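Asks: Chains as they are written, first to last, in our numbering: chain A, 1 to 251; chain B, 252 to 532. In this text, a Cβ means the ideal position worked out from N, Cα and C, and glycines have one as well. Note that the structure is a prediction, hence the values are computed from the model and not measured.
1) Should residue 491 (chain B) go down as buried or exposed, given a rule of 16 or more other Cβ atoms within 10 Å for buried?
2) Contact between the stretch 463-482 of chain B and the stretch 393-412 of chain B is defined here as three or more beta-carbon pairs at a separation below 8 Å; is this criterion met?
3) Chain A beta carbons: is any one of them nearer than 7 Å to that of residue 495 (chain B)?
4) Whole angstroms is fine: what's the gap from residue 428 (chain B)'s alpha carbon to residue 89 (chain A)'s?
5) So which residues of chain B does residue 81 (chain A) contact, with C-beta pairs closer than 8 Å?
6) Please report the straight-line C-alpha distance between residue 378 (chain B) and residue 339 (chain B), rounded to a whole angstrom.
7) By how many angstroms is the C-alpha of residue 440 (chain B) removed from the C-alpha of residue 420 (chain B)?
8) Return the residues of the stretch 44-63 of chain A that lie within a Cβ-Cβ distance of less than 9 Å from chain B, sorted by chain order.
9) If we require 4 or more residues per run, which alpha helix (DSSP H) segments fall completely within the stretch 84-129 of chain A?
10) Quick one: what's got a C-beta closer than 8 Å to residue 451 (chain B)'s C-beta in the same chain, skipping five residues either side?
11) For the pair the stretch 361-372 of chain B and the stretch 461-470 of chain B, tell me if three or more CB-CB distances fall below 8 Å.
12) Measuring CA to CA, which of A:27, A:85, A:40 and A:75 is closest to residue 61 (chain A)?
13) Would you call residue 263 (chain B) buried or exposed, if buried means 16 or more other Cβ atoms sit within 10 Å of its Cβ?
14) Please report how far the alpha carbon of residue 291 (chain B) lies from the alpha carbon of residue 374 (chain B), in whole angstroms.
15) Taking only beta-carbon positions, decide if residue 455 (chain B) is within less than 7 Å of chain A.
16) Measure from the C-beta of residue 103 (chain A) to each C-beta in chain B and report whether the shortest distance is under 7 Å.
17) Can you check DSSP and say which residues form a bridge with residue 58 (chain A)?
18) Could you name the residues of the same chain whose beta carbon sits closer than 6 Å to that of residue 350 (chain B), not counting the 5 residues immediately before and after it, in chain order?
19) With 7 Å set as the bound, which would you pick, yes or no: does the beta-carbon of residue 443 (chain B) sit closer than that to a beta-carbon of chain A?
20) Using alpha carbons as the reference points, say which of A:174, A:99 and A:57 lies closest to residue 139 (chain A).
21) What are the boundary residues of the alpha helix (DSSP H) that includes residue 495 (chain B)?
22) Decide if residue 31 (chain A) is buried, meaning its Cβ has at least 16 other Cβ atoms within 10 Å, or exposed.
23) If you follow the alpha helix (DSSP H) that residue 555 (chain B) is part of, which residue opens it and which one closes it?
24) Between residue 239 (chain A) and the rest of its own chain, which residues show a CB-CB distance below 8 Å, the 5 nearest in sequence each way excluded?
25) Tell me the residue span of the alpha helix (DSSP H) that contains residue 386 (chain B).
26) Let me confirm a value: residue 156 (chain A) is counted as buried when at least 16 other C-beta atoms fall within 10 Å, else exposed. Which label applies?
27) Got a sec: is the Cβ-Cβ distance from residue 71 (chain A) to anything in chain B below 7 Å?
28) Taking just the CA atoms, how far does residue 235 (chain A) sit from residue 241 (chain A)?
29) Less than 7 Å between CB atoms is the rule here; does residue 77 (chain A) satisfy it with respect to chain B?
30) Is any non-hydrogen atom of the ligand ADP found closer than 6 Å to the C-beta of residue 438 (chain B), if you look at the structure I gave you?
31) Alpha helix (DSSP H) containing residue 185 (chain A): first to last residue?
32) Answer with buried or exposed for residue 431 (chain B), where buried requires no fewer than 16 other C-beta atoms within 10 angstroms of its C-beta.
33) Taking just the CA atoms, how far does residue 294 (chain B) sit from residue 493 (chain B)?
34) Only counting runs of 3 or more residues, tell me where the beta strand (DSSP E) segments fall wholly within the stretch 133-169 of chain A, in order along the chain.
35) For residue 208 (chain A), name the three-state secondary structure that DSSP assigns.
36) Alpha carbon to alpha carbon, what distance is there between residue 355 (chain B) and residue 458 (chain B)?
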């Protein structure tokens, strides 16, 4: 299950700073969109506006035709934060069950979900007993345990090292091919964005505007081999030149 | 919360459990360590006590000999126990009331900021009024009763609970609150299932102060106003030059306060998720 997302003329201001400037964006149901840009370009703000965690100053957001608040109340949204949003006193399995009990949606058996997420044998561990990578997997499992149509992710892999990052990214791609969702994925990692997404939206520094909307012409899920494919190399260098200018991109 | 986890929360402390298996040598070493842990403080305290008697030249009723003090506890057991129970009742009720008031106010202050601005200054004032003044006023208001003492104990103890609980309720990780909003969890459930558990370690930390303090404050209150309880015993003993009784009460109070402190630690370790989830367990 997935829903389309539509943003029209969305702006957001913090005091004197314009964080988002008239952003238009159309995301088809089931699409994986990566939002890249320098820090402070408003990509996280955009995600939070879609998540109904913040209100846009102007403009409208529609998720499956509904305003964000309505989509949220229908439990159609899942959020993966940068830091794990797990409850520190809950064992992995109980944290996943918390999501299901809170939403009244237990479509997926929690135990099976954790197994699919590579957490077999770790179901009854507390957050402190899990490694960073495993904890982020629990965070993912808890975020989608109510089977939301839309998955919003704010730099979910930024706390992990390079290897874990790619491993979890590819695993996420495979996972989404089993349980398709519309995805907004905020990252400052260009390679990660191109490796995972159908489309990469490049943001300009503050105020955040859409600089480019780049399609990645390859089927998902992808493997690590895609990194050496011609389109990957071409697209990543194009994004780098958009973000850093042509000189630094060549270096 | 299974039995294994609960037990292991305490296992970090030395000499807490005898070694399960192993040669008699290990068990003997453990027994020796335990004896040293208990014995050494006793030996050192008694040593200093006798030295003080020997060198100070103070009269017997100011520094009685330790054996005389102990004989009060063994020979006047009925008398001491009766007053001890009076004190314990006041301390326990005051302690409970301190928690009820402290936690309730904390919940009120964090959920309704207006109450915080309205009542926090009053709470701070009450907390800083000398107990002597409070006791005098309360005796005039309610007389020498159990509830006078309970009120004094709770006034002395509620503030750490209030401040710590507030800190705990506010310690929730913002990303967890984002998650609750995304899942559309009601504010009441967020309070019950998230904010309250988050504040458990903070509330428990306050009990170490409030718990052991309530015994001391109850005795102080009795010393000022009451006609029964350990505080009253001190008062009466001083009038009769019974230094041994004063020391016996002091010893009893110290042991009691320390026991309460230990009890809080043991019970706390069982329900404190923060202790349980420590990586070194």
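Replies: Reading it off the structure:
1) exposed
2) yes
3) no
4) 15 Å
5) 426, 429 and 430
6) 22 Å
7) 13 Å
8) 48, 51, 52 and 53
9) 92-103 and 110-116
10) 419, 522, 523, 524 and 525
11) no
12) A:27
13) Residue placement at residue 263 (chain B) is flagged as unreliable, the pLDDT there being 40, under the threshold of 50; the coordinate-derived value follows with that caveat. Answer is exposed; the Cβ neighbour count stays below 16.
14) 43 Å
15) no
16) yes
17) A:11
18) 412
19) no
20) A:99
21) 494-522
22) buried
23) For residue 555 (chain B) there is no data in the structure shown, the boundaries of chain B being 252 and 532.
24) 36, 190, 193, 194, 200, 202, 212 and 214
25) 382-393
26) buried
27) no
28) 10 Å
29) yes
30) Summarising the ligand content, the structure contains no ligands, and the ligand ADP is consequently not present.
31) Residue 185 (chain A) -> not in any alpha helix (DSSP H); beta strand (DSSP E) instead, spanning 182-186.
32) buried
33) 25 Å
34) 150-154
35) strand
36) 15 Å
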